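**Student:** Residue numbers for the sequence shown, in our numbering: 1 to 276.
Ideal Cβ placement from N, Cα and C applies to all residues, glycine included.
For clarity, every value in this text was computed on a predicted model and none was experimentally measured.
My structure is below; once you've seen it, I'll send some questions.
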Amino acid sequence: LYRSAASPPSTSFLLLGPSGSGKTALFSLLEGKSQRLGQPVRSTHTSQTSTFTTVALPPTVPTASNRYRSINDPSLSDISRNPIKYQLRDTPGHGKLRQTEGIGRLVSMANAKNPKSRARGVIFVVDSAALSDNEALREAATYLHDVLLYLQKRALNKGKSSSKLATEIPVLVAANKQDLFTALPPSSVRNKLEAEIENIRKTRSKGLMDASADSSTGEDDEVLGGDEGQGVFTFQLLQEEVGLKVEVIGGAVQSGSEADTESGVRKWEEWVGMCL
Ligand code: GTP
Ligand code: MG
Numbered sequence: 001l002y003r004s005a006a007s008p009p010s011t012s013f014l015l016l017g018p019s020g021s022g023k024t025a026l027f028s029l030l031e032g033k034s035q036r037l038g039q040p041v042r043s044t045h046t047s048q049t050s051t052f053t054t055v056a057l058p059p060t061v062p063t064a065s066n067r068y069r070s071i072n073d074p075s076l077s078d079i080s081r082n083p084i085k086y087q088l089r090d091t092p093g094h095g096k097l098r099q100t101e102g103i104g105r106l107v108s109m110a111n112a113k114n115p116k117s118r119a120r121g122v123i124f125v126v127d128s129a130a131l132s133d134n135e136a137l138r139e140a141a142t143y144l145h146d147v148l149l150y151l152q153k154r155a156l157n158k159g160k161s162s163s164k165l166a167t168e169i170p171v172l173v174a175a176n177k178q179d180l181f182t183a184l185p186p187s188s189v190r191n192k193l194e195a196e197i198e199n200i201r202k203t204r205s206k207g208l209m210d211a212s213a214d215s216s217t218g219e220d221d222e223v224l225g226g227d228e229g230q231g232v233f234t235f236q237l238l239q240e241e242v243g244l245k246v247e248v249i250g251g252a253v254q255s256g257s258e259a260d261t262e263s264g265v266r267k268w269e270e271w272v273g274m275c276l
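Here it is in structure tokens:
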């Protein structure tokens, strides 16, 4: 069997994250790379609507389905002529637009009937330099918590509904702006987000317990990572308890040279490849 001449985008990824984290910068970079314009990243401004584009995965990035192929495999050159494509949707991170344009998009893309527009993964972009500020950390963690809570509910409901659409949607936390010397390394970004989500989770589960003190409607899936868990929240726990995968990977949309820019987003593209 031969591949047809043009391979249309087969699936979608969604960019979420707080305002100013670099979603639109990443979106424009990947869009530009795909069109081989080689132009520098356009300067961006606060987004107010969500937009989408078609992105080609660089042929040298392995995908889950071709990772075992050797470099001499003729079908690989086939792929470079005919790269694997996906749709990428950029969303505004502003707090006022987050419910409709952020979480709202996630919900509609998670449940899309058309596989082309169905979400295969979420790329949650954070500014690694901003997270040493407590206010910025809380904002990022709250947004991420809400995204993960939705994905958890969806994962736990899968057994109940007969819907075959529900496949797990993994999350990449893209620890952006690693070019800045004030940037926290990805391991600290992970630790800080986990600790802050733990605070949010404690506050919410206490609120739920108070609310359900005289009724027995305590919903287990209302608390991220499960209710009874004595342990503190970690992304590892979420994977073990719910089967939801969260990875934190550092990178930079902007950096000095073209070569750096190439490597700055490479690990994220490899994550995308492993979802395909
Ligand atoms: P909203 O649209 O408001 O949600 O923000 P956004 O996430 O789309 O942020 P945007 O892409 O507009 O980037 C915000 C600022 O961060 C811009 O000035 C970018 O140039 C800058 N920026 C993005 N990525 C990087 C990076 O890797 N390093 C550095 N130093 N700056 C970056
Ligand atoms: Mg934007």
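Please list the terminal residues of the continuous alpha helix (DSSP H) segment that includes glycine 250.
**Tutor:** Here glycine 250 belongs to no alpha helix (DSSP H); instead the beta strand (DSSP E) covers 246 to 250.
**Student:** Is there at least one non-hydrogen atom of the ligand GTP closer than 6 Å to the beta-carbon of valine 253?
**Tutor:** Yes - the ligand GTP has a heavy atom lying nearer than 6 Å to the Cβ of valine 253.
**Student:** Return the bridge partner residues of isoleucine 123 from the DSSP annotation.
**Tutor:** The partner list for isoleucine 123 (beta bridge, DSSP) reads Leu15 and Leu172.
**Student:** Spell out the partners DSSP gives glutamine 87 in its beta bridges.
**Tutor:** In DSSP, glutamine 87 forms a bridge with Ser12 and Thr54.
**Student:** Assuming leucine 88 and alanine 141 are in contact, meaning their beta carbons sit under 8 Å apart, how far apart are those beta carbons, in whole angstroms?
**Tutor:** About 24 Å; that fails the 8 Å criterion.
**Student:** Is lysine 177 buried or exposed, if buried means 16 or more other CB atoms sit within 10 Å of its CB?
**Tutor:** It is buried - the Cβ of lysine 177 has at least 16 other Cβ atoms within 10 Å.
**Student:** Are the CB atoms of serine 50 and threonine 24 within a distance shorter than 7 Å?
**Tutor:** Taking 7 Å as the Cβ cut-off, threonine 24 and serine 50 do not qualify as a contacting pair.
**Student:** Report buried or exposed for histidine 145, applying the criterion of at least 16 other Cβ atoms within 10 angstroms of its Cβ.
**Tutor:** So histidine 145 ends up on the buried side.
**Student:** With DSSP as the reference, label alanine 129 as helix, strand or coil.
**Tutor:** Alanine 129: coil per DSSP, three-state reduction.
**Student:** Only counting the same chain, and skipping five residues up and downstream in sequence, which positions put a Cβ closer than 8 Å to that of glycine 20?
**Tutor:** Cβ within range, chain order: Thr46, Gly93, Asp127 and Ala130.
**Student:** Alpha helix (DSSP H) containing phenylalanine 27: first to last residue?
**Tutor:** First-last of the alpha helix (DSSP H) with phenylalanine 27: 23 to 34.
**Student:** Exposed or buried, serine 108, counting other C-beta atoms within 10 Å across all chains shown (16 or more means buried)?
**Tutor:** Its Cβ having fewer than 16 others within 10 Å, serine 108 is exposed.
**Student:** Kindly confirm or deny that the segment 263 to 275 and the segment 192 to 207 touch, where touching means at least three C-beta pairs closer than 8 Å.
**Tutor:** Verdict: no, contact absent.
**Student:** Are leucine 14 and valine 171 close, meaning C-beta to C-beta below 7 Å?
**Tutor:** Not closer than 7 Å, so no.
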